[in-house]
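Chains as they are written, first to last, in the working numbering: chain A, 276 to 392; chain B, 364 to 815.
Don't be surprised by glycine CBs; every beta carbon is placed ideally from N, CA and C.
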């Protein structure tokens, strides 16, 4: 369901492992609703990373159940809208996962770099 | 077009969500908001409205899979919430909100109609009015006590319930239940009888209290050991099952059989609480089962016989040794005299049997049939039935789990219920997926062509 721009299995696996990280990251600048999160992920990655609705909402609800994000309903407009924001726990999770991701990326990068013989 | 598609999808999803109506509405509302925005975006980018709708829907993927994931998250959230609340409050809240219907004791007629009866009754030949009992009014009260004396609390409940509540203090005091045992509870807007039972169950004492409805307005409150299990007569309409089974025997699947004729569906309880005696068959063995069926073909009687045997075999043999118990099948209706708990077992067995026979009948039919819009109606009908059954199992499971929580121990009944629930969920998922596929097949193709 979550299809990055390339359908390569390796890319898909990478993406699947970082879905929650992507959603948390999209919330760093303040509360957002589902559709805007989807768009933020797509735009920030220049269309490379796409979160389909069928993938996004289960993640949002799961993160909410884990108290990493909290939701409020805005009923003031004609169309009720559910807004999500990071909790303290969510911020910690984002920090830990970002650090983990960077360390991992650096390690893989080092592994791939040409080394003196 | 798109509106219709969206709503169909959301309906399908909402039906599969095993959540409260409020939670379902919330989830449907959130997804609708998303779909509408996506649709706006796509049409703004020049995509035809019809195609945009299909694409937006496509991005949501399979409705039943999505519903399953969202349900899981909602339950996880609830579990966490309950863990944060104090333990006692959580157990009470769960018992009250989820267990209301199933805490109701023997002879209680106020339950909702059974799933397989509900949809059928409108079309079927009416059963005699005398065979039905109106649901008892469910009076709701605020039950708040702070270290009140047990005797006073019982008096208060007797007033609220409008019954003579005779308390067997001799037995209770021997069991260590004193008149001034402190009672605390803080419930608002709850069914009086449910609150009363909850109060009995949660008393700070080892003794298990229960009550017996001696007469409509006379209840006896004593320990559980001293309450006689009450034997209740209940009618089960088996015509639906007989029909299903007969079709199978004759190898002539007839998908409409369940919806026409006089079938009032399975487990259609008719509340024959006062039918009197005459059915006593203590110690009856399945082999000696006598079917008084005179209504038609040989196979009809044969199937009746075997259904009677199924009812007998559902319960441990010694439950039929209780005086006053028994089964009689007459003209497709089984009249069973058993305790309330055993009636529930029988209902479950018959429900499962219906589900499995339907499943088989459908598989036979699928082998030959081509899809048509009438299949959709049939599917909807079955999904409705199943979701009723699902709901009932779910509530019962919640009740059992809440009780197990309160006693701080596992319950084998919970595992068994969970198994049944899983089977029903699986079947429902299968049907919903099928419905979704069918719906796609039945999309007006010329409209698609025109949009391109």
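Can you name the start and end residues of the beta strand (DSSP E) that residue i belongs to?
i              : result
residue 321(A) : Looking at the DSSP string, residue 321(A) is not in any beta strand (DSSP E), and its letter there is neither H nor E.
residue 575(B) : 572-578
residue 537(B) : Counting along the chain, residue 537(B) falls outside any beta strand (DSSP E), though it belongs to the alpha helix (DSSP H) covering 532-537.
residue 700(B) : 696-702
residue 356(A) : 356-361
residue 586(B) : 581-586
Helix or strand or just coil, what does DSSP make of residue i?
i              : result
residue 377(A) : helix
residue 689(B) : strand
residue 333(A) : helix
residue 509(B) : strand
residue 595(B) : strand
residue 343(A) : coil
residue 287(A) : helix
residue 549(B) : strand
residue 762(B) : helix
residue 757(B) : helix
residue 524(B) : helix
residue 601(B) : coil
residue 607(B) : helix
residue 390(A) : coil
residue 304(A) : coil
residue 707(B) : helix
residue 543(B) : coil
residue 381(B) : coil
residue 504(B) : strand
Return the first residue and the last residue of the alpha helix (DSSP H) that residue i is part of.
i              : result
residue 678(B) : From DSSP, residue 678(B) is part of no alpha helix (DSSP H); its letter is neither H nor E.
residue 404(B) : 384-407
residue 797(B) : 775-804
residue 561(B) : 555-564
residue 298(A) : 294-301
residue 327(A) : Counting along the chain, residue 327(A) falls outside any alpha helix (DSSP H), and DSSP gives it neither H nor E.
residue 412(B) : 412-423
Buried or exposed for residue i, going by 16 or more other Cβ atoms inside 10 Å?
i              : result
residue 283(A) : exposed
residue 486(B) : Summary for residue 486(B): the model assigns pLDDT 34, below 50, so the residue's position carries little reliability; its value from the coordinates is reported in the next sentence. Classification for residue 486(B): exposed.
residue 543(B) : exposed
residue 350(A) : exposed
residue 580(B) : exposed
residue 397(B) : buried
residue 551(B) : exposed
residue 554(B) : buried
residue 285(A) : exposed
residue 374(B) : exposed
residue 507(B) : exposed
residue 321(A) : exposed
residue 791(B) : buried
residue 603(B) : buried
residue 383(A) : exposed
residue 381(A) : exposed
residue 505(B) : exposed
residue 319(A) : exposed
residue 323(A) : exposed
residue 527(B) : exposed
residue 356(A) : buried
residue 412(B) : exposed
residue 316(B) : Since the first residue of chain B shown is 364 and the last is 815, residue 316(B) is not available in this structure.
residue 370(A) : exposed
residue 336(A) : buried
residue 402(A) : Coverage of chain A is limited to positions 276 through 392, which leaves residue 402(A) absent and any answer about it impossible.
residue 667(B) : buried
residue 367(B) : exposed
residue 510(B) : exposed
residue 518(B) : exposed
residue 719(B) : exposed
So does the segment 673-688 of chain B actually touch the segment 712-723 of chain B, counting three or more Cβ pairs closer than 8 angstroms?
Below 8 angstroms, enough C-beta pairs join the segment 673-688 of chain B and the segment 712-723 of chain B to call them touching: three or more.
Against chain A: residues of the segment 392-405 of chain B by CB proximity under 9 angstroms
So the close ones are 392, 393, 394, 395, 396, 397, 398, 399, 400, 401 and 404.
Compile a chain-ordered list of the residues in the segment 314-345 of chain A whose CB is closer than 8 angstroms to at least one CB of chain B.
Within the segment 314-345 of chain A, the residues whose Cβ lies closer than 8 angstroms to some Cβ of chain B are 327, 328, 329, 330, 332, 333, 336, 337, 339, 340, 341 and 342, listed in chain order.
Does the segment 325-337 of chain A come close enough to the segment 367-375 of chain A that 3 or more CB-CB pairs lie under 8 angstroms?
Too few Cβ pairs lie closer than 8 angstroms, so no.
Would you list, in chain order, the members of the segment 343-377 of chain A that have their beta-carbon closer than 7 angstroms to a beta-carbon of chain B?
Here the close residues are 354, 355, 356 and 357.
Would you list, in chain order, the members of the segment 411-425 of chain B that have their beta-carbon closer than 7 angstroms to a beta-carbon of chain A?
Flagged, chain order: 422, 423 and 424.
Using 8 angstroms as the Cβ pair cut-off and three pairs as the minimum, do the segment 533-542 of chain B and the segment 569-585 of chain B touch?
Counting Cβ pairs under 8 angstroms, three or more are found: they touch.
Answer yes if the segment 358-371 of chain A comes into contact with the segment 374-393 of chain B, meaning at least three C-beta pairs across the two stretches below 8 angstroms, and no otherwise.
The segment 374-393 of chain B is not in contact with the segment 358-371 of chain A.
Does the contact criterion of 3 or more C-beta pairs under 8 angstroms hold for the segment 589-603 of chain B versus the segment 675-689 of chain B?
Yes: at least three Cβ pairs fall under 8 angstroms.
At a Cβ cut of 7 angstroms, what residues of the segment 301-314 of chain A count as close to chain B, listed as they run along the chain?
If you check each beta-carbon in the segment 301-314 of chain A against every beta-carbon of chain B, the ones closer than 7 angstroms belong to 309 and 310.
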